[in-house]
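K.L.:
My questions will all concern the structure given below.
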Amino acid sequence: MTEVVRIETPLTHEKAAQLKSGDNVLLSGVIYTGRDAAHKKMVEALARGEELPFNVKDQIIFFVGPTPPKPGQVIGSAGPTTSYRMDAYSPTLIERGLTGMIGKGLRSAEVVDAMKRYGAVYFGAIGGLGALLAKRIVAAEVIAYPELGPEAVRRLEVKDFPIMVIIDQEGNNLYEIGKAKYRTI
Amino acid sequence: MKIINVNEIIEAVEKMCIEANYDLGNDVMLSFQRALKSETSPSGREVLERLIENASIAHEERVPMCQDTGMTIIFVEVGQDLHIEGGMLTDALNEGVRRGYKKGYLRKSVVNDPFERVNTEDNTPAIIHYDFVSGDELHITVAPKGAGSENMGALKMCKPSDGLEGVMQFVVDTVERAGGNPCPPIIVGVGVGGIMEKASYLAKKALLREVGVHNKEERLAKIEEKLLERINKLGIGPQGYGGTNTALAVNLEVYPTHIAMLPVAVNINCHAARHKEIILKGREY
Numbered sequence: 005m006t007e008v009v010r011i012e013t014p015l016t017h018e019k020a021a022q023l024k025s026g027d028n029v030l031l032s033g034v035i036y037t038g039r040d041a042a043h044k045k046m047v048e049a050l051a052r053g054e055e056l057p058f059n060v061k062d063q064i065i066f067f068v069g070p071t072p073p074k075p076g077q078v079i080g081s082a083g084p085t086t087s088y089r090m091d092a093y094s095p096t097l098i099e100r101g102l103t104g105m106i107g108k109g110l111r112s113a114e115v116v117d118a119m120k121r122y123g124a125v126y127f128g129a130i131g132g133l134g135a136l137l138a139k140r141i142v143a144a145e146v147i148a149y150p151e152l153g154p155e156a157v158r159r160l161e162v163k164d165f166p167i168m169v170i171i172d173q174e175g176n177n178l179y180e181i182g183k184a185k186y187r188t189i
Numbered sequence: 016m017k018i019i020n021v022n023e024i025i026e027a028v029e030k031m032c033i034e035a036n037y038d039l040g041n042d043v044m045l046s047f048q049r050a051l052k053s054e055t056s057p058s059g060r061e062v063l064e065r066l067i068e069n070a071s072i073a074h075e076e077r078v079p080m081c082q083d084t085g086m087t088i089i090f091v092e093v094g095q096d097l098h099i100e101g102g103m104l105t106d107a108l109n110e111g112v113r114r115g116y117k118k119g120y121l122r123k124s125v126v127n128d129p130f131e132r133v134n135t136e137d138n139t140p141a142i143i144h145y146d147f148v149s150g151d152e153l154h155i156t157v158a159p160k161g162a163g164s165e166n167m168g169a170l171k172m173c174k175p176s177d178g179l180e181g182v183m184q185f186v187v188d189t190v191e192r193a194g195g196n197p198c199p200p201i202i203v204g205v206g207v208g209g210i211m212e213k214a215s216y217l218a219k220k221a222l223l224r225e226v227g228v229h230n231k232e233e234r235l236a237k238i239e240e241k242l243l244e245r246i247n248k249l250g251i252g253p254q255g256y257g258g259t260n261t262a263l264a265v266n267l268e269v270y271p272t273h274i275a276m277l278p279v280a281v282n283i284n285c286h287a288a289r290h291k292e293i294i295l296k297g298r299e300y
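First to last, the sequence lines map onto chains L and Y. Convert by adding 4 to the 1-based position in the first sequence; the result is the number in the numbering used here. Convert by adding 15 to the 1-based position in the second sequence; the result is the number in the numbering used here.
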């Protein structure tokens, strides 16, 4: 395992450029949540010429729809959802300055192209790690689309949130590199 | 002849929805341990260690192991000498889901219609499969299924001339296409034969089998072993980060089919392979 890189948000282009595919990252600071329905609403809002519910410049979106918090919990279980369903929307947000996405699974060529062109990083969190990841979220607040329930946009504060750089700004992809290394068929 | 009240069914389903989401089965935990020993990739080992830690947190703190607490799949075997009183069985099963998802703080992930997509707010309706069997018992299995792995399933109407090799290649190709999306290490359910929906049903039902338990028929158990070996040579590894443990098990079920057909369905389960079962015995009539 590579050594751990500690990153504080906001994720400026300078910080993002330092990150390489395969880097093990502990992330701290403010990030935002959004998944299928929220992405659709955000991109539709932009098409109508409206503002986004938060300024995406130098920010990270975590693709997640948490479980309802139990009394006393900051947030319920909160692991990543599969990212390709956001592929249709991510390039628009990257073009507006989004520098990071946290999810799991493959991304389209269009997303990778946008990441390379505008400078963004795709991080993987471990899918199915919802109970553990929730403990690294120290604050959570719904800031937009509350009607979407688990899909509402939340502002999260995370502390030492464990993620991995899957695709860096140069387009190096851990899924391809890792698979090639262990493939014997 | 025995009789059972729907309230007993509702309570049992409520409890199973919660426990399935909080308590990962021992069979899966043991397979994580085995994978940890055999995994050659350092990132793969780290993923497995974290999954074991996550399952322990969920169990001890009584929280869902994964935020996708799924659509609720229920398999029911109804003994034909059992009478159900107090309401409809289907309503009782759905009421159990409704209560379990609320009480257990589970995520409500069901939308009312594939096009309108408005959340039903209580995770109903469940997907219910009935089977009628001899006897006077009610056997209920609750298996919450997340979308990340379900979305990676596939069906192919192979030609009989494609044979076993064609079937195996389709299974391996389906897993390869899925990559890291379905949260590997996965469990691969394979249904072969019957007709289109029968193959899909068998693939799903195959996922209920404990990890490490092969098909009782030796020829089919051998196919499971061969498929597992081929899949684990793909290199996808835990979470797709590269490694030698892409799948924990391949479970195959077959059924008679038509002279002109060879349907194959692949249903993938993430590592959070959740299922709880109960046998309700009812009381003397």
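We put the CB at the ideal spot given by N, CA and C, even for glycine.
In chain order, which beta strand (DSSP E) runs of at least 3 residues are fully inside the region 129 to 171 of chain L?
P.N.:
141 to 148, 157 to 171
K.L.:
Check for me: the beta strand (DSSP E) holding residue 107 (chain L) runs from which residue to which?
P.N.:
Locating residue 107 (chain L) in the first sequence gives position 103, counting from the first residue. Where residue 107 (chain L) is concerned, the enclosing beta strand (DSSP E) stretches over 104 to 107.
K.L.:
In or out: residue 133 (chain Y) buried (at least 16 other Cβ within 10 Å) or exposed?
P.N.:
Indexing the second sequence from 1 puts residue 133 (chain Y) at position 118. Burial call: exposed.
K.L.:
Under a CB-based cut-off of 9 Å, is residue 134 (chain L) close to chain Y?
P.N.:
Along the first sequence, read from residue 1 onward, the residue named residue 134 (chain L) stands at position 130. Residue 134 (chain L) counts as touching chain Y.
K.L.:
Pull up the DSSP beta-bridge partners for residue 32 (chain L), would you.
P.N.:
As a first step, residue 32 (chain L) is located in the first sequence; it is residue number 28 there, counting from the start. Paired residue(s): L:12.
K.L.:
Can you round the beta-carbon distance between residue 64 (chain Y) and residue 260 (chain Y) to whole angstroms, since I take them to be within the 8 Å contact cut?
P.N.:
Counting from 1 along the second sequence, the entry for residue 64 (chain Y) is found at position 49. Counting from 1 along the second sequence, the entry for residue 260 (chain Y) is found at position 245. Between residue 260 (chain Y) and residue 64 (chain Y) the Cβ distance is about 13 Å, and since that is not below 8 Å, they are no contact.
K.L.:
Measure the alpha-carbon distance for residue 238 (chain Y) versus residue 280 (chain Y) and round it to whole angstroms.
P.N.:
Reading the second sequence from its first residue, position 223 is the one you call residue 238 (chain Y). Reading the second sequence from its first residue, position 265 is the one you call residue 280 (chain Y). Rounded to the nearest angstrom, the two C-alpha atoms are 15 Å apart.
K.L.:
Tell me where the beta strand (DSSP E) around residue 158 (chain Y) begins and ends.
P.N.:
Taking the first residue of the second sequence as 1, we reach residue 158 (chain Y) at position 143. Residues 153 to 160.
K.L.:
Mind checking the region 89 to 114 of chain L against chain Y and listing, in chain order, the residues whose C-beta falls within less than 9 Å of any C-beta there?
P.N.:
89, 108, 109, 110
K.L.:
Go to residue 92 (chain Y), then tell me how far its beta strand (DSSP E) extends in each direction, as first and last residue.
P.N.:
Taking the second sequence and counting its residues from 1, one reaches residue 92 (chain Y) at position 77. Looking at the DSSP string, the run of the beta strand (DSSP E) that includes residue 92 (chain Y) is 86 to 94.
K.L.:
What are the uninterrupted segments assigned as beta strand (DSSP E) that are 3 or more residues long and contained completely in the region 127 to 155 of chain Y, given in chain order?
P.N.:
Whole beta strand (DSSP E) segments, 3+ residues: 142 to 148.
K.L.:
Using the Cα positions of residue 43 (chain Y) and residue 189 (chain Y), report the straight-line distance between them to the nearest angstrom.
P.N.:
Locating residue 43 (chain Y) in the second sequence gives position 28, counting from the first residue. Locating residue 189 (chain Y) in the second sequence gives position 174, counting from the first residue. Cα to Cα, the separation comes out at about 22 Å.
K.L.:
On the DSSP letters alone, give me the boundaries of the alpha helix (DSSP H) that residue 20 (chain Y) sits inside.
P.N.:
In the second sequence, counting from the first residue as 1, residue 20 (chain Y) sits at position 5. No alpha helix (DSSP H) holds residue 20 (chain Y); the beta strand (DSSP E) holding it covers 17 to 20.
K.L.:
Output needed in chain order: residues of the region 34 to 48 of chain L with a Cβ under 8 Å from some Cβ in chain Y.
P.N.:
Within the region 34 to 48 of chain L, the qualifying residues are 41.
K.L.:
According to DSSP, simplified to helix, strand and coil, what is residue 85 (chain L)?
P.N.:
Looking up residue 85 (chain L) in the first sequence gives position 81. Coil.
K.L.:
Grab me the residues of residue 16 (chain L)'s own chain with a C-beta within less than 8 Å of its C-beta, minus the 5 sequence neighbours each way, in chain order.
P.N.:
Along the first sequence, one-based indexing puts residue 16 (chain L) at 12. Contacts found: 62, 103.
K.L.:
The beta strand (DSSP E) spanning residue 291 (chain Y) covers which residue range?
P.N.:
Locating residue 291 (chain Y) in the second sequence gives position 276, counting from the first residue. Looking at the DSSP string, the run of the beta strand (DSSP E) that includes residue 291 (chain Y) is 291 to 295.
K.L.:
So with CB distances below 9 Å, who are the chain Y contacts of residue 31 (chain L)?
P.N.:
As a working mapping, residue 31 (chain L) is identified with position 27 in the first sequence. Counting only Cβ-Cβ distances below 9 Å, residue 31 (chain L) has no contacts in chain Y at all, with the closest Cβ about 15 Å away.
K.L.:
Let me make sure I understand the geometry here. Which of Y:108, Y:197, Y:94, Y:138 has the alpha-carbon closest to that of residue 127 (chain Y)?
P.N.:
Here residue 127 (chain Y) refers to the residue found at position 112 of the second sequence. Nearest C-alpha to residue 127 (chain Y): Y:138.
K.L.:
Measure the alpha-carbon distance for residue 89 (chain L) versus residue 206 (chain Y) and round it to whole angstroms.
P.N.:
Residue mapping note: residue 89 (chain L) aligns to position 85 of the first sequence, counting from 1. Residue mapping note: residue 206 (chain Y) aligns to position 191 of the second sequence, counting from 1. Near 27 Å, if we compare the C-alpha coordinates of residue 206 (chain Y) and residue 89 (chain L).
K.L.:
Out of Y:250, Y:174, Y:191, Y:195, which one is the CA nearest neighbour of residue 278 (chain Y)?
P.N.:
Walking along the second sequence from the start, residue 278 (chain Y) turns up at place 263. When only C-alpha atoms are compared, the closest one is Y:174.
K.L.:
Relative to the C-alpha of residue 162 (chain L), which candidate in L:22, L:20, L:37 has its C-alpha closest?
P.N.:
Residue numbering aside, residue 162 (chain L) sits at position 158 when the first sequence is read from its first letter. Comparing Cα-Cα distances from residue 162 (chain L) to each of L:22, L:20, L:37, the minimum goes to L:37.
K.L.:
Answer yes or no: does any C-beta atom of chain L fall closer than 9 Å to that of residue 241 (chain Y)?
P.N.:
Along the second sequence, one-based indexing puts residue 241 (chain Y) at 226. So, not an interface residue.
K.L.:
Express the C-alpha separation of residue 88 (chain Y) and residue 143 (chain Y) in angstroms, rounding to a whole number.
P.N.:
Mapped onto the second sequence, residue 143 (chain Y) falls at position 128. Mapped onto the second sequence, residue 88 (chain Y) falls at position 73. Roughly 6 Å separates the two Cα atoms.
K.L.:
Three or more beta-carbon pairs under 8 Å between the region 114 to 128 of chain Y and the region 81 to 99 of chain Y, yes or no?
P.N.:
yes
K.L.:
Is there at least one Cβ from chain Y nearer than 9 Å to residue 178 (chain L)'s Cβ?
P.N.:
For the purposes of this step, residue 178 (chain L) is identified with residue 174 of the first sequence, where counting begins at 1. With 9 Å as the cut-off, residue 178 (chain L) counts as an interface residue toward chain Y.
K.L.:
Consult DSSP for residue 32 (chain Y) and reduce its assignment to one of helix, strand or coil.
P.N.:
In the second sequence, the residue the question calls residue 32 (chain Y) occupies position 17. Three-state DSSP puts residue 32 (chain Y) in a helix.
K.L.:
Can you tell me which of the three DSSP states residue 117 (chain Y) falls into?
P.N.:
Counting from 1 along the second sequence, the entry for residue 117 (chain Y) is found at position 102. Residue 117 (chain Y): helix per DSSP, three-state reduction.
K.L.:
Counting only Cβ pairs nearer than 9 Å, list the residues of chain Y close to residue 128 (chain L).
P.N.:
If you number the first sequence from 1, residue 128 (chain L) lands on position 124. Here the neighbours are 195, 254, 255, 256.
K.L.:
Where residue 171 (chain L) and residue 115 (chain L) are concerned, what is the direct C-alpha to C-alpha distance, given to the nearest angstrom?
P.N.:
To locate residue 171 (chain L), count along the first sequence from 1; it is residue 167. To locate residue 115 (chain L), count along the first sequence from 1; it is residue 111. If I take the Cα positions, the gap works out to 10 Å.
K.L.:
Give the list of continuous beta strand (DSSP E) stretches no shorter than 3 residues that lie fully inside the region 41 to 75 of chain L.
P.N.:
64 to 66
K.L.:
For chain Y, check one thing: does any of its Cβ atoms lie closer than 9 Å to the Cβ of residue 77 (chain L)?
P.N.:
As a working note, residue 77 (chain L) is residue 73 in the first sequence. It does; some Cβ of chain Y falls within 9 Å.
K.L.:
Could one say the Cβ of residue 249 (chain Y) lies closer than 9 Å to chain A's Cβ atoms, at least one of them?
P.N.:
No chain A appears in the structure shown, which is made up of the protein chains L and Y.
K.L.:
For a contact meaning CB atoms closer than 8 Å, what does residue 76 (chain Y) contact in chain L?
P.N.:
Locating residue 76 (chain Y) in the second sequence gives position 61, where the first residue counts as 1. Here the neighbours are 135.
K.L.:
Could you have a look at residue 275 (chain Y) and say whether DSSP puts it in helix, strand or coil?
P.N.:
Indexing the second sequence from 1 puts residue 275 (chain Y) at position 260. The answer is coil: DSSP assigns residue 275 (chain Y) none of H, G, I, E or B.
K.L.:
9 Å is my cut-off, CB to CB: does residue 149 (chain L) come that close to chain Y?
P.N.:
What you label residue 149 (chain L) is simply residue 145 of the first sequence in a count that begins at 1. Not closer than 9 Å to any Cβ of chain Y, the Cβ of residue 149 (chain L) fails to qualify, so no.
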